[in-house]
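Residue numbers (my numbering): 4 to 466.
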């Protein structure tokens, strides 16, 4: 028998790197050798969520940042820091106003300063990220940033001092930051591959155009829920980034004509549409159909398409699905329909025409309609994964949880189906004798870091 003590440390570290975080913490308690081998995996990604914040405030646990400060040698392993929450304390006993816990913030700032090998940093908590801007300086390997961008002029100066950024995502950016964005991008034009701007009314066409002119090699552009930038503006501006592969846009209820000359975006593979829908009747269905037909003129071949509506009661028209399939059925591998319904006839068209379709994110209907849904999908020979979309709106007639019988029925009807994801439960296919199928819960998905719904990475995996 081979002892862990006799294994080369690099080999042991490689073996243990395949463990989940939950298993990794258990393995660390086995022996000194296992502890030494698992430490790089344990501290590679530091993700701090609400549960840890509450436990910290109540004094139940310490923070990983305090551990890093106490043992600076651990900092060399940290590649990703993702702050989804921080602990808060009341300003006074009688006041409801709160502030970030000063001890935690001090620990966090010191730990970030020590993490010289940091590659990715995320903090989209209002009025918190500015505390870390000084600590983020002089990080030569820092490439990925996602931050809450409502900051002051001086804070903007610190943030825009960061260089060699490859993936930049800014949520709720202030006017100060947007004004400095073109200059910041110039300093990162040789490294920047993806730009995301989310939720702001201060971004205008002139600023966005000034940015895009500096980065003709840009591969990903995601401008969503920015009130002054709609689909017409975006389709006019993408001419500056002809090598774009991933694009996310907001379709406003703006009937203005699309640019006469379609942009040269033949490399486009991933498209996400955030559809506005408030007027009655709304021009959005007609606009969506026009965009789909317009994209056919660009000769792009989509592999991934996602669309999201503001209300679940909206059902996507068959004409839109047909137009989408006419242009991209041969190449589509991933489809996602969020906060909307899709008719069974459209599902059948998708299953028959999308010969490479691997993953479908959609709301699966309730018991009496699940057979028709499975029948509509049965023509597919390529579909391996269905993700049952849990929408934020509760609507009568749409279920929130699939039973084992439901999953097995779908797998029996769709011969290629291997995985069904519902409510963080991952059901996998296990064939039995006599062509019977048994569905088994393989695992529960962890509460991982939240990603923006429109990013292509969101639909590339179920883990």
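C-beta atoms are modelled at their ideal positions from N, C-alpha and C, and glycine is treated no differently.
Let me know the secondary structure DSSP gives residue i once reduced to three states.
i           : result
residue 280 : coil
residue 192 : coil
residue 400 : Model confidence at residue 400 stands at a pLDDT of 47, short of 50, so the residue's coordinates are unreliable; what they give is reported in the following sentence. Residue 400: coil per DSSP, three-state reduction.
residue 124 : strand
residue 137 : coil
residue 68  : helix
residue 367 : coil
residue 334 : coil
residue 466 : Since pLDDT at residue 466 reaches only 46, below the 50 mark, its modelled position is unreliable, and the value read off the structure follows with that caveat. Three-state DSSP puts residue 466 in coil, outside helix and strand.
residue 374 : helix
residue 420 : coil
residue 50  : strand
residue 74  : coil
residue 426 : coil
residue 160 : helix
residue 84  : strand
Are there 16 or more other CB atoms within 10 angstroms of the CB of residue i, so buried, or fewer, so exposed?
i           : result
residue 418 : exposed
residue 330 : buried
residue 125 : buried
residue 410 : buried
residue 377 : buried
residue 283 : exposed
residue 342 : buried
residue 225 : buried
residue 269 : exposed
residue 141 : exposed
residue 349 : buried
residue 257 : exposed
Looking at the ligand SAH, does it come within less than 7 Å of residue i, judged from the CB to the closest heavy atom?
i           : result
residue 276 : By its list of ligands, the structure shown contains no ligand whatsoever, and the ligand SAH lies outside what it can speak to.
In angstroms with no decimal places, state the Cα-to-Cα distance between residue i and residue j.
i           : j           : result
residue 276 : residue 368 : 23 Å
residue 204 : residue 215 : 18 Å
residue 145 : residue 81  : 11 Å
residue 220 : residue 240 : 14 Å
residue 458 : residue 288 : 23 Å
residue 185 : residue 118 : 28 Å
residue 396 : residue 453 : Only weak support exists for where residue 396 lies, its pLDDT of 45 falling under 50; the coordinates are left without a value.
residue 272 : residue 69  : 43 Å
residue 199 : residue 247 : 13 Å
residue 181 : residue 201 : 12 Å
residue 99  : residue 90  : 15 Å
residue 317 : residue 207 : 30 Å
residue 315 : residue 249 : 25 Å
residue 332 : residue 446 : 32 Å
Over the uninterrupted beta strand (DSSP E) stretch that includes residue i, give me the two end residues.
i           : result
residue 309 : 307 to 311
residue 102 : 101 to 103
residue 270 : Taken as a continuous stretch (DSSP letters only), residue 270 belongs to no beta strand (DSSP E), as it is neither H nor E.
residue 339 : 337 to 341
residue 224 : 223 to 229
residue 289 : First-last for residue 289: 287 to 299, but that is the alpha helix (DSSP H), not the beta strand (DSSP E).
residue 150 : 147 to 151
Check for me: the alpha helix (DSSP H) holding residue i runs from which residue to which?
i           : result
residue 330 : 321 to 331
residue 252 : Residue 252 -> not in any alpha helix (DSSP H); beta strand (DSSP E) instead, spanning 249 to 254.
residue 58  : 53 to 60
residue 239 : 234 to 240
residue 215 : 208 to 215
* Sufficient close CB pairs (3 or more, under 8 Å) joining the stretch 93 to 108 to the stretch 165 to 178 -> no
* **Contact between the stretch 408 to 423 and the stretch 219 to 235 (3+ Cβ pairs under 8 Å)** => no
* Does the count of Cβ pairs from the stretch 147 to 163 and the stretch 127 to 134 closer than 8 Å reach three? -> yes
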